[in-house]
(Lines of atoms letter the chains of each structure in order from A and count residues from 1; the text may use other names and numbers.)
(Lines give C-alpha, C1' and ligand atoms only; values in the text may rest on other atoms or scores of the structure.)
Protein backbone atom coordinates (compact mmCIF):
# COMPACT_ATOMS: atom_id res chain seq x y z
CA UNK A 1 0.00 0.00 0.00
CA UNK A 2 1.17 3.52 -0.85
CA UNK A 3 -0.04 6.27 1.47
CA UNK A 4 -0.05 10.04 0.94
CA UNK A 5 -0.85 12.60 3.63
CA UNK A 6 -1.36 16.23 2.60
CA UNK A 7 -1.50 18.86 5.36
CA UNK A 8 -2.71 22.33 4.25
CA UNK A 9 -1.76 23.97 7.54
CA UNK A 10 -4.49 25.96 9.27
CA UNK A 11 -6.88 25.78 6.31
CA UNK A 12 -9.99 25.16 8.47
CA UNK A 13 -11.87 28.38 9.22
CA UNK A 14 -15.29 29.78 10.08
CA UNK A 15 -18.03 31.20 7.82
CA UNK A 16 -17.08 34.75 6.88
CA UNK A 17 -19.33 37.68 6.08
CA UNK A 18 -16.93 38.76 3.34
CA UNK A 19 -17.52 35.38 1.66
CA UNK A 20 -21.32 35.54 2.02
CA UNK A 21 -21.31 33.12 4.93
CA UNK A 22 -18.92 30.64 3.37
CA UNK A 23 -15.57 29.44 4.67
CA UNK A 24 -12.40 29.82 2.57
CA UNK A 25 -12.55 26.08 1.80
CA UNK A 26 -16.09 26.53 0.48
CA UNK A 27 -15.23 29.67 -1.49
CA UNK A 28 -12.11 28.24 -3.13
CA UNK A 29 -12.24 26.31 -6.41
CA UNK A 30 -10.89 22.92 -5.34
CA UNK A 31 -11.82 20.28 -7.94
CA UNK A 32 -9.10 17.81 -6.92
CA UNK A 33 -9.91 17.91 -3.19
CA UNK A 34 -13.61 17.63 -4.01
CA UNK A 35 -12.83 14.62 -6.20
CA UNK A 36 -11.09 12.91 -3.27
CA UNK A 37 -14.14 13.66 -1.11
CA UNK A 38 -16.47 12.21 -3.77
CA UNK A 39 -14.39 9.07 -4.25
CA UNK A 40 -13.93 8.44 -0.53
CA UNK A 41 -15.17 9.72 2.80
CA UNK A 42 -15.20 12.96 4.74
CA UNK A 43 -15.26 13.48 8.48
CA UNK A 44 -13.72 15.48 11.29
CA UNK A 45 -10.89 14.96 13.74
CA UNK A 46 -9.98 16.99 16.81
CA UNK A 47 -6.21 17.43 16.95
CA UNK A 48 -6.24 20.13 19.63
CA UNK A 49 -7.03 18.63 23.06
CA UNK A 50 -8.43 21.31 25.33
CA UNK A 51 -5.70 20.76 27.94
CA UNK A 52 -3.04 21.82 25.41
CA UNK A 53 -2.55 25.00 23.40
CA UNK A 54 -4.10 24.95 19.92
CA UNK A 55 -0.67 24.86 18.35
CA UNK A 56 0.84 23.16 15.34
CA UNK A 57 3.15 21.19 17.63
CA UNK A 58 0.23 19.42 19.35
CA UNK A 59 -1.99 19.15 16.29
CA UNK A 60 0.61 17.60 14.00
CA UNK A 61 1.66 15.07 16.62
CA UNK A 62 -2.00 14.09 16.99
CA UNK A 63 -2.74 13.71 13.30
CA UNK A 64 0.33 11.49 12.91
CA UNK A 65 -0.96 9.19 15.63
CA UNK A 66 1.04 10.40 18.63
CA UNK A 67 -0.66 11.07 21.97
CA UNK A 68 0.79 14.39 23.25
CA UNK A 69 0.02 13.36 26.82
CA UNK A 70 2.74 10.74 26.40
CA UNK A 71 5.36 12.34 24.18
CA UNK A 72 5.08 16.15 24.17
CA UNK A 73 7.70 18.18 26.04
CA UNK A 74 7.46 21.50 24.17
CA UNK A 75 7.59 22.93 20.67
CA UNK A 76 11.22 24.00 20.78
CA UNK A 77 12.59 20.47 21.35
CA UNK A 78 10.77 19.33 18.20
CA UNK A 79 12.36 22.13 16.20
CA UNK A 80 15.76 21.29 17.68
CA UNK A 81 15.38 17.79 16.28
CA UNK A 82 14.92 19.32 12.83
CA UNK A 83 18.44 20.70 13.05
CA UNK A 84 19.91 17.45 14.28
CA UNK A 85 20.36 18.86 17.78
CA UNK A 86 20.35 16.20 20.48
CA UNK A 87 19.20 17.30 23.91
CA UNK A 88 20.76 15.72 26.97
CA UNK A 89 18.77 14.92 30.11
CA UNK A 90 19.53 18.35 31.65
CA UNK A 91 19.32 20.38 28.43
CA UNK A 92 16.45 22.61 27.37
CA UNK A 93 15.43 24.16 24.06
CA UNK A 94 13.44 27.41 23.88
CA UNK A 95 11.69 28.74 20.77
CA UNK A 96 13.03 32.17 19.83
CA UNK A 97 11.01 34.37 17.50
CA UNK A 98 12.32 37.65 16.15
CA UNK A 99 9.29 39.92 16.49
CA UNK A 100 8.13 43.51 16.10
CA UNK A 101 6.66 45.06 19.26
CA UNK A 102 5.62 48.71 19.47
CA UNK A 103 4.00 50.37 22.46
CA UNK A 104 3.74 46.96 24.15
CA UNK A 105 1.68 45.62 21.21
CA UNK A 106 2.65 42.65 19.05
CA UNK A 107 2.77 44.25 15.61
CA UNK A 108 4.32 41.33 13.72
CA UNK A 109 5.35 37.94 15.08
CA UNK A 110 7.61 37.45 12.01
CA UNK A 111 9.45 40.80 12.11
CA UNK A 112 8.08 41.44 8.62
CA UNK A 113 9.25 37.99 7.50
CA UNK A 114 12.85 38.82 8.19
CA UNK A 115 15.28 36.92 5.99
CA UNK A 116 17.25 33.97 7.31
CA UNK A 117 20.49 35.81 6.57
CA UNK A 118 19.42 38.87 8.57
CA UNK A 119 18.12 36.73 11.43
CA UNK A 120 21.37 34.77 11.60
CA UNK A 121 23.46 37.93 11.87
CA UNK A 122 21.19 39.42 14.52
CA UNK A 123 21.33 36.28 16.65
CA UNK A 124 25.10 35.98 16.31
CA UNK A 125 25.51 39.56 17.49
CA UNK A 126 22.95 39.11 20.27
CA UNK A 127 24.90 36.09 21.51
CA UNK A 128 28.05 38.18 21.84
CA UNK A 129 26.23 40.98 23.64
CA UNK A 130 23.94 38.96 25.89
CA UNK A 131 26.10 35.97 26.74
CA UNK A 132 29.49 37.68 26.78
CA UNK A 133 31.32 38.87 29.89
CA UNK A 134 29.78 42.34 29.65
CA UNK A 135 26.27 41.08 28.99
CA UNK A 136 23.34 41.11 31.45
CA UNK A 137 24.28 37.64 32.65
CA UNK A 138 27.80 38.84 33.37
CA UNK A 139 30.25 36.10 34.16
CA UNK A 140 27.57 33.86 35.69
CA UNK A 141 27.52 30.18 34.85
CA UNK A 142 24.36 30.74 32.81
CA UNK A 143 26.19 32.75 30.17
CA UNK A 144 28.38 29.84 29.17
CA UNK A 145 25.42 27.48 28.90
CA UNK A 146 23.13 29.51 26.65
CA UNK A 147 23.32 29.85 22.88
CA UNK A 148 21.11 31.04 20.05
CA UNK A 149 20.65 28.69 17.12
CA UNK A 150 19.43 30.29 13.87
CA UNK A 151 16.66 28.48 12.02
CA UNK A 152 14.58 29.78 9.13
CA UNK A 153 13.58 33.45 8.98
CA UNK A 154 11.98 34.52 12.27
CA UNK A 155 11.83 30.93 13.61
CA UNK A 156 14.90 30.27 15.77
CA UNK A 157 15.98 28.59 19.00
CA UNK A 158 17.83 29.23 22.23
CA UNK A 159 19.52 26.27 23.93
CA UNK A 160 20.55 25.69 27.52
CA UNK A 161 23.21 23.03 27.99
CA UNK A 162 23.05 21.65 31.51
CA UNK A 163 24.46 18.81 33.56
CA UNK A 164 23.63 17.03 36.80
CA UNK A 165 24.87 19.97 38.87
CA UNK A 166 23.37 22.62 36.60
CA UNK A 167 19.92 21.50 35.39
CA UNK A 168 17.97 23.89 33.21
CA UNK A 169 16.32 26.70 35.18
CA UNK A 170 13.38 26.62 32.74
CA UNK A 171 11.37 23.57 31.68
CA UNK A 172 8.19 22.67 29.82
CA UNK A 173 6.39 24.04 32.89
CA UNK A 174 7.67 27.52 32.00
CA UNK A 175 4.80 29.19 30.18
CA UNK A 176 4.66 32.03 27.69
CA UNK A 177 2.19 32.84 24.96
CA UNK A 178 2.82 31.97 21.33
CA UNK A 179 3.56 35.27 19.57
CA UNK A 180 1.36 34.38 16.58
CA UNK A 181 -1.60 34.38 18.97
CA UNK A 182 -0.83 37.93 20.11
CA UNK A 183 -1.00 39.79 16.80
CA UNK A 184 -2.37 43.34 17.38
CA UNK A 185 -2.73 42.59 21.10
CA UNK A 186 -0.93 43.88 24.18
CA UNK A 187 1.92 41.66 25.35
CA UNK A 188 2.08 43.10 28.87
CA UNK A 189 0.48 40.06 30.51
CA UNK A 190 2.00 37.44 28.23
CA UNK A 191 5.67 37.39 29.12
CA UNK A 192 7.14 34.09 30.40
CA UNK A 193 6.03 32.85 33.80
CA UNK A 194 6.93 29.85 35.91
CA UNK A 195 10.33 28.18 36.48
CA UNK A 196 13.23 30.32 35.25
CA UNK A 197 10.90 32.82 33.64
CA UNK A 198 12.67 35.91 34.96
CA UNK A 199 15.82 34.91 33.10
CA UNK A 200 13.84 34.74 29.86
CA UNK A 201 12.12 38.07 30.54
CA UNK A 202 15.47 39.74 31.27
CA UNK A 203 16.92 38.40 28.02
CA UNK A 204 13.89 39.57 26.03
CA UNK A 205 14.12 43.07 27.49
CA UNK A 206 17.89 43.23 27.03
CA UNK A 207 17.56 42.15 23.41
CA UNK A 208 15.42 45.21 22.68
CA UNK A 209 18.19 47.60 23.68
CA UNK A 210 20.72 45.84 21.44
CA UNK A 211 18.42 45.37 18.46
CA UNK A 212 17.28 49.00 18.49
CA UNK A 213 20.67 50.22 17.27
CA UNK A 214 21.71 47.25 15.13
CA UNK A 215 22.73 48.19 11.54
CA UNK A 216 20.38 45.58 10.06
CA UNK A 217 17.41 47.19 11.77
CA UNK A 218 18.58 50.65 10.80
CA UNK A 219 18.66 49.52 7.17
CA UNK A 220 15.27 47.80 7.42
CA UNK A 221 13.68 50.92 8.88
CA UNK A 222 15.15 53.04 6.10
CA UNK A 223 13.66 50.61 3.58
CA UNK A 224 10.21 50.94 5.14
CA UNK A 225 10.21 47.47 6.69
CA UNK A 226 9.26 46.50 10.22
CA UNK A 227 12.32 45.94 12.38
CA UNK A 228 13.10 43.06 14.73
CA UNK A 229 12.61 44.81 18.06
CA UNK A 230 12.82 41.82 20.42
CA UNK A 231 13.44 38.14 20.75
CA UNK A 232 10.32 36.39 22.05
CA UNK A 233 11.19 33.28 24.07
CA UNK A 234 8.51 30.60 24.45
CA UNK A 235 7.58 26.87 24.44
CA UNK A 236 10.61 25.51 26.27
CA UNK A 237 11.24 21.87 27.06
CA UNK A 238 13.59 18.92 27.27
CA UNK A 239 14.15 15.96 24.99
CA UNK A 240 10.93 14.46 23.55
CA UNK A 241 10.31 10.73 23.48
CA UNK A 242 8.73 9.46 20.26
CA UNK A 243 8.69 5.97 18.86
CA UNK A 244 9.40 5.92 15.14
CA UNK A 245 6.58 5.70 12.63
CA UNK A 246 8.02 2.46 11.29
CA UNK A 247 8.03 0.96 14.80
CA UNK A 248 4.37 1.93 15.18
CA UNK A 249 3.04 1.07 11.74
CA UNK A 250 5.68 -0.97 9.95
CA UNK A 251 6.01 1.38 6.97
CA UNK A 252 8.74 3.78 5.83
CA UNK A 253 7.82 7.42 5.52
CA UNK A 254 9.31 10.69 4.28
CA UNK A 255 8.57 14.35 5.07
CA UNK A 256 8.28 17.26 2.63
CA UNK A 257 8.00 20.62 4.41
CA UNK A 258 9.72 23.98 4.71
CA UNK A 259 8.95 24.36 8.42
CA UNK A 260 11.36 23.28 11.16
CA UNK A 261 8.57 22.07 13.45
CA UNK A 262 7.39 19.50 10.91
CA UNK A 263 10.97 18.64 10.00
CA UNK A 264 11.61 17.92 13.66
CA UNK A 265 8.52 15.77 14.12
CA UNK A 266 9.49 13.90 10.97
CA UNK A 267 13.04 13.39 12.19
CA UNK A 268 11.85 12.01 15.52
CA UNK A 269 9.42 9.76 13.64
CA UNK A 270 12.41 8.36 11.75
CA UNK A 271 11.61 10.04 8.44
CA UNK A 272 14.21 11.59 6.18
CA UNK A 273 13.17 14.89 4.65
CA UNK A 274 13.19 16.00 1.05
CA UNK A 275 14.33 19.56 0.42
CA UNK A 276 12.46 21.40 -2.33
CA UNK A 277 14.10 24.39 -3.96
CA UNK A 278 11.93 27.46 -3.51
CA UNK A 279 9.91 26.00 -0.63
CA UNK A 280 9.67 28.97 1.73
CA UNK A 281 7.03 28.13 4.33
CA UNK A 282 5.14 31.19 3.09
CA UNK A 283 2.64 32.22 0.42
CA UNK A 284 5.31 32.31 -2.27
CA UNK A 285 6.35 28.70 -1.76
CA UNK A 286 7.09 26.34 -4.65
CA UNK A 287 3.82 24.41 -4.75
CA UNK A 288 4.61 22.58 -7.98
CA UNK A 289 8.04 21.59 -6.69
CA UNK A 290 6.48 20.03 -3.61
CA UNK A 291 4.03 18.09 -5.72
CA UNK A 292 6.75 16.78 -8.01
CA UNK A 293 8.97 15.82 -5.07
CA UNK A 294 6.11 13.84 -3.53
CA UNK A 295 5.47 11.99 -6.79
CA UNK A 296 9.12 11.01 -7.04
CA UNK A 297 9.17 9.94 -3.37
CA UNK A 298 6.46 7.34 -4.01
CA UNK A 299 9.06 5.19 -5.76
CA UNK A 300 11.11 4.79 -2.58
CA UNK A 301 8.71 5.26 0.33
CA UNK A 302 5.37 3.79 1.37
CA UNK A 303 4.18 6.91 3.21
CA UNK A 304 4.70 10.43 1.83
CA UNK A 305 3.75 13.43 3.98
CA UNK A 306 3.45 16.84 2.29
CA UNK A 307 3.00 19.85 4.58
CA UNK A 308 2.17 23.31 3.22
CA UNK A 309 2.34 26.29 5.59
CA UNK A 310 0.83 28.93 3.28
CA UNK A 311 -2.86 28.80 4.36
CA UNK A 312 -1.84 29.26 7.99
CA UNK A 313 0.38 32.23 7.16
CA UNK A 314 -2.47 33.87 5.24
CA UNK A 315 -4.79 33.32 8.21
CA UNK A 316 -2.33 34.91 10.63
CA UNK A 317 -2.27 37.94 8.34
CA UNK A 318 -6.07 38.02 8.18
CA UNK A 319 -5.81 37.77 4.40
CA UNK A 320 -8.82 35.81 3.17
CA UNK A 321 -8.01 36.21 -0.52
CA UNK A 322 -4.46 34.93 -0.01
CA UNK A 323 -5.80 31.93 1.92
CA UNK A 324 -8.14 31.04 -0.92
CA UNK A 325 -5.36 31.42 -3.47
CA UNK A 326 -3.03 29.21 -1.40
CA UNK A 327 -5.71 26.51 -1.20
CA UNK A 328 -6.25 26.65 -4.96
CA UNK A 329 -2.52 26.35 -5.60
CA UNK A 330 -2.35 23.31 -3.29
CA UNK A 331 -5.28 21.76 -5.15
CA UNK A 332 -3.85 22.38 -8.62
CA UNK A 333 -0.14 21.88 -8.03
CA UNK A 334 -0.08 19.19 -5.34
CA UNK A 335 -3.34 17.29 -4.85
CA UNK A 336 -4.29 16.82 -8.52
CA UNK A 337 -0.95 15.55 -9.91
CA UNK A 338 -0.20 13.54 -6.79
CA UNK A 339 -3.56 11.74 -6.91
CA UNK A 340 -2.99 10.92 -10.57
CA UNK A 341 0.41 9.41 -9.76
CA UNK A 342 -0.78 7.64 -6.61
CA UNK A 343 -3.72 6.04 -8.42
CA UNK A 344 -1.35 4.17 -10.71
CA UNK A 345 -0.33 1.98 -7.75
CA UNK A 346 -2.53 -1.07 -7.23
CA UNK A 347 -3.10 -0.29 -3.55
CA UNK A 348 -3.13 3.34 -2.47
CA UNK A 349 -4.71 5.83 -0.10
CA UNK A 350 -4.74 9.62 0.19
CA UNK A 351 -5.61 11.64 3.29
CA UNK A 352 -6.07 15.42 3.30
CA UNK A 353 -6.60 17.47 6.45
CA UNK A 354 -5.27 20.55 8.24
CA UNK A 355 -3.66 20.29 11.63
CA UNK A 356 -5.88 22.88 13.37
CA UNK A 357 -8.27 25.71 12.49
CA UNK A 358 -6.75 29.16 12.00
CA UNK A 359 -9.33 31.93 11.73
CA UNK A 360 -8.72 34.86 9.40
CA UNK A 361 -11.01 36.97 11.60
CA UNK A 362 -8.93 36.54 14.76
CA UNK A 363 -5.60 35.75 13.05
CA UNK A 364 -5.21 32.93 15.59
CA UNK A 365 -5.20 29.16 15.93
CA UNK A 366 -8.24 27.84 17.73
CA UNK A 367 -9.35 24.60 19.35
CA UNK A 368 -11.93 22.49 17.56
CA UNK A 369 -12.42 19.81 14.92
CA UNK A 370 -10.99 20.04 11.41
CA UNK A 371 -12.31 18.44 8.21
CA UNK A 372 -10.62 15.44 6.66
CA UNK A 373 -11.11 13.48 3.48
CA UNK A 374 -9.76 10.00 2.86
CA UNK A 375 -9.94 7.98 -0.35
CA UNK A 376 -8.38 4.94 -1.98
CA UNK A 377 -8.16 1.19 -1.60
CA UNK A 378 -10.72 -0.23 0.82
CA UNK A 379 -12.39 3.10 1.60
CA UNK A 380 -16.06 3.11 0.68
CA UNK A 381 -17.53 6.31 -0.71
CA UNK A 382 -20.10 8.24 1.29
CA UNK A 383 -22.49 10.85 -0.08
CA UNK A 384 -20.11 13.81 0.21
CA UNK A 385 -19.21 15.79 -2.90
CA UNK A 386 -17.07 18.58 -1.41
CA UNK A 387 -14.19 18.93 1.03
CA UNK A 388 -15.05 21.62 3.55
CA UNK A 389 -16.01 22.13 7.17
CA UNK A 390 -19.77 21.92 6.59
CA UNK A 391 -19.85 18.66 4.63
CA UNK A 392 -17.30 17.09 6.98
CA UNK A 393 -19.31 17.92 10.09
CA UNK A 394 -22.50 16.65 8.48
CA UNK A 395 -20.94 13.26 7.71
CA UNK A 396 -20.89 12.16 11.34
CA UNK A 397 -17.49 10.42 11.07
CA UNK A 398 -15.59 11.73 14.09
CA UNK A 399 -12.15 11.06 15.54
CA UNK A 400 -11.80 12.39 19.08
CA UNK A 401 -9.10 12.24 20.30
CA UNK A 402 -7.41 12.97 17.00
CA UNK A 403 -4.48 10.62 17.50
CA UNK A 404 -6.81 7.64 16.89
CA UNK A 405 -7.35 8.65 13.24
CA UNK A 406 -3.99 7.44 11.91
CA UNK A 407 -4.67 3.88 13.08
CA UNK A 408 -7.77 3.82 10.87
CA UNK A 409 -5.99 5.35 7.89
CA UNK A 410 -3.25 2.73 8.02
CA UNK A 411 -5.64 -0.08 8.97
CA UNK A 412 -3.97 -0.85 12.28
CA UNK A 413 -6.09 -3.10 14.44
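Residue numbers (full-length UniProt numbering): 1 to 413.
Just so you know, even glycine gets a beta-carbon here, dropped at the ideal spot from N, CA and C.
Assignment of residue 271 by DSSP, reduced to helix, strand and coil, places it in the coil class. Boundaries of the alpha helix (DSSP H) around residue 121: 116 to 131.
Ranking 404, 167, 169, 372 by CA distance to the CA of residue 36 puts 372 first.
Closest by C-alpha distance to residue 322, out of 333, 310, 332, 331, is 310.
Residue 398 sits in a strand when the DSSP states are folded into three classes.
Rounded to whole angstroms, the gap between the alpha carbons of residue 317 and residue 13 is 14 angstroms. Residue state for residue 359 is assigned as strand, using DSSP reduced to three classes. Annotation note: the stretch 165 to 231 contains no uninterrupted beta strand (DSSP E) run of length 3 or greater. Each of 224, 228, 201 was checked against the Cα of residue 214, and the nearest Cα belongs to 228. For residue 249, the enclosing alpha helix (DSSP H) starts and ends at 245 to 249. When DSSP states are grouped into helix, strand and coil, residue 288 belongs to the helix group. It is roughly 21 angstroms from the alpha-carbon of residue 388 to the alpha-carbon of residue 283.
Here residue 329 is buried: its Cβ has 16 or more other Cβ atoms, across all protein chains shown, within 10 Å. Take the alpha-carbon of residue 405 and the one of residue 248: they are about 14 angstroms apart.
Sequence-distant Cβ neighbours of residue 107 in its own chain, meaning closer than 6 angstroms and more than five residues away, are 100. When the alpha-carbon of residue 65 is set against those of 84, 355, 382, 327, the nearest one is in 355.
In the DSSP secondary-structure assignment, residue 307 is bridged to 7. Counting the other CB atoms within 10 Å of its CB gives residue 70 a total below 16, which places it among the exposed residues. Nearest to residue 111 by alpha-carbon distance, out of 275, 172, 179, is 179. The stretch 87 to 94 and the stretch 265 to 281 do not touch, with fewer than three beta-carbon pairs separated by less than 8 angstroms. When the beta-carbon positions are compared, residue 239 and residue 16 stay at least 8 angstroms from each other. Scanning its chain for C-beta atoms nearer than 8 angstroms, with the 5 sequence neighbours on each side dropped, one finds around residue 34 the residues 385, 386, 387, in chain order. Sorting 135, 120, 146, 162 by C-alpha distance to the C-alpha of residue 154 places 120 at the top. As computed with DSSP, residue 373 is found in a beta bridge with 42, 352. Looking at 57, 281, 188, the one whose alpha-carbon comes closest to that of residue 113 is 281. At the C-beta level, residue 77 and residue 194 stay beyond 8 angstroms of one another.
Of 397, 97, 307, the smallest CA-CA separation from residue 235 is found for 97.
Bounds of any beta strand (DSSP E) do not take in residue 410, whose DSSP letter is neither H nor E. Cα atoms of residue 47 and residue 63: separation of roughly 6 angstroms, rounded to the nearest angstrom. With contacts defined by Cβ atoms closer than 8 angstroms, residue 8 and residue 327 form a contacting pair. Beta-bridge partners of residue 234 (DSSP): 95. Beta-bridge partners assigned by DSSP to residue 146: 160. By alpha-carbon distance to residue 30, the top candidate from 390, 364, 325 is 325.
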